[in-house]
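Residue numbering for the sequence shown follows the UniProt record's numbering, beginning at 1 and increasing consecutively.
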Amino acid sequence: MTTAARRGARPRLRGLARRLAGAVFVLWAVATVTFFAVRLIPGDPAEAILGGPGSQTSPEALAAVRAEYGLDQPLLVQYLQQLGRLATGDLGRSYALNMDVGPLVLSQIGGTLVLAVLSLAVAWLIALVLATWSTGRGRLAARIGTGLEIVAAALPHFWLATTLIVVFSVWWGVLPPISTADARGLVLPVVTLAIPLAGFLGQVMRESLNTALESPFVLSARARGESDRGVLWRHALRHAALPAISLSGWAFGSLISGAVVVETIFARPGLGRTLLNAVTVRDVPVVVGVVMVVALAYILMTIVTDLASGLADPRPTEIGNGGLS
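This is how it looks when you write it as structure tokens:
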């Protein structure tokens, strides 16, 4: 390796090291906040393990459960033990289900990831169509696009899910109100998550598109005789997509968060329902495990969006230097 190559590799290695350190810090912060937040929920975890407040368990049974799960240890000791297990990849054992959290999370994550990925794709499609339609068509189209984006972004998931069930399941009877294993059962949950996100992405994309259409490289393309459609799709849209691509990492995390509501309403198995059930019974290992997996997925998605932004960034090809950055 030449000296120049070594010099060029050093910034990349430093950037990778910073990214890894940031990921470790985020995972530690998520585990810490989640552990102590669940402990603030009223109730006794040992009582929840034995069936809840109405189970009328004896003090001896409660003491035995606390000793078995380490709940009789000081809170700081429990926290450090939790961190030690997480550092080795052990998510612990569920209090309520009496099974390892790792297999439990793996059995539920597939459905949630499918729901999140499809919702992100549909949100992008809606935002792209709305942004390209409302740009360059005058004030009326811009106002209509802005209004639709604001309304979509403001829609709560629970209200939108209920409305879609009433319209498409109760009134028209064309889609099932409960998520099923086939493609039809995914339509309403995906649309419920996609529409509010499309409002956010559409606002960012349309503003970036308007800015790009006023840029010098667009004026140069028009001077060369390119049509408005060619300028929009070949030049301006690539620039306009960059902020929306960068937001996709955050959007993916918000979709998984929204899955808690959507999976509950549509009775769809996944991490959302698993997390809600675990919080209800104060199943700390399951709550921490699910949140850690979601945080890890968010970190990985952020890295993917950063790479996608670099691939979509057209600046190296615009300056005519043969692709040099």
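In this text, a Cβ means the ideal position worked out from N, Cα and C, and glycines have one as well.
query                                                                                                                                                       : result
Apply the 10 Å Cβ neighbour rule to W171 and answer buried if 16 or more other Cβ atoms are within range, or exposed otherwise.                             : exposed
Assuming L175 is part of the alpha helix (DSSP H), what are its boundary residues?                                                                          : Taken as a continuous stretch (DSSP letters only), L175 belongs to no alpha helix (DSSP H), as it is neither H nor E.
Give the straight-line distance between the Cα atoms of G102 and L83, rounded to the nearest whole angstrom.                                                : 15 angstroms
Counting Cβ pairs closer than 8 angstroms, one from the segment 281–289 and one from the segment 87–102, do we hit at least three?                          : yes
Hey, how far is the Cα of V26 from the Cα of L276?                                                                                                          : 22 angstroms
Please return the same chain residues whose Cβ sits closer than 6 angstroms to the Cβ of A131, not counting the five positions on each side in sequence.    : G202, M205, R206 and L209
For a test of the three-state rule: what should DSSP assign to R39, helix, strand or coil?                                                                  : helix
What does the alpha-carbon distance come out to for the pair P243 and D306?                                                                                 : 11 angstroms
Taking W28 as the reference, give the member of A63, D100 and L80 with the closest Cα.                                                                      : L80
Quick one: is residue 390 buried, meaning 16 or more other Cβ sit within 10 Å of its Cβ, or exposed?                                                        : Absent from the structure is residue 390, since the part of the chain shown begins at 1 and ends at 325.
If you pair each beta-carbon of the segment 186–202 with each one of the segment 258–272, do three or more pairs fall below 8 angstroms?                    : yes
I need the DSSP call for T317, collapsed to helix, strand or coil.                                                                                          : Its pLDDT being 39, under 50, T317 is placed unreliably by the model, and nothing is read from it.
Is the beta carbon of L120 sitting closer than 9 angstroms to the one on A194?                                                                              : yes
When you compare only the Cα positions, how much space is there between F252 and P59?                                                                       : 45 angstroms
With distances taken between CB atoms, is the gap from G199 to A161 smaller than 9 angstroms?                                                               : no
Mind checking M99: buried by the 16 CB within 10 Å criterion, or exposed?                                                                                   : exposed
On the DSSP bridge assignment, give the partners of R14 in chain order.                                                                                     : For R14, which the question treats as bridged, DSSP gives no partner whatsoever.
How would you label T88, buried or exposed, when you count the other beta carbons within 10 angstroms and need 16 or more for buried?                       : exposed
Would S134 pass as a contact of A142 if the rule is Cβ separation under 9 angstroms?                                                                        : yes
Between the beta-carbon of R268 and the beta-carbon of L104, is there less than 9 angstroms?                                                                : no
Just to confirm, does L175 get its C-beta within under 8 angstroms of one of the non-hydrogen atoms of the ligand GTP?                                      : With respect to small molecules bound, the structure shown includes none, and the ligand GTP cannot be examined in it.
Considering only residues of the same chain and omitting the five flanking positions on each side of S169, which have a CB-CB separation below 7 angstroms? : L175, P176 and P177
Relative to the C-alpha of S254, which residue among T274, A278, R273 and P196 is closest?                                                                  : P196
Counting only beta-carbon atoms, is A267 nearer than 9 angstroms to chain C?                                                                                : The structure shown contains no chain C; it is built from a single protein chain.
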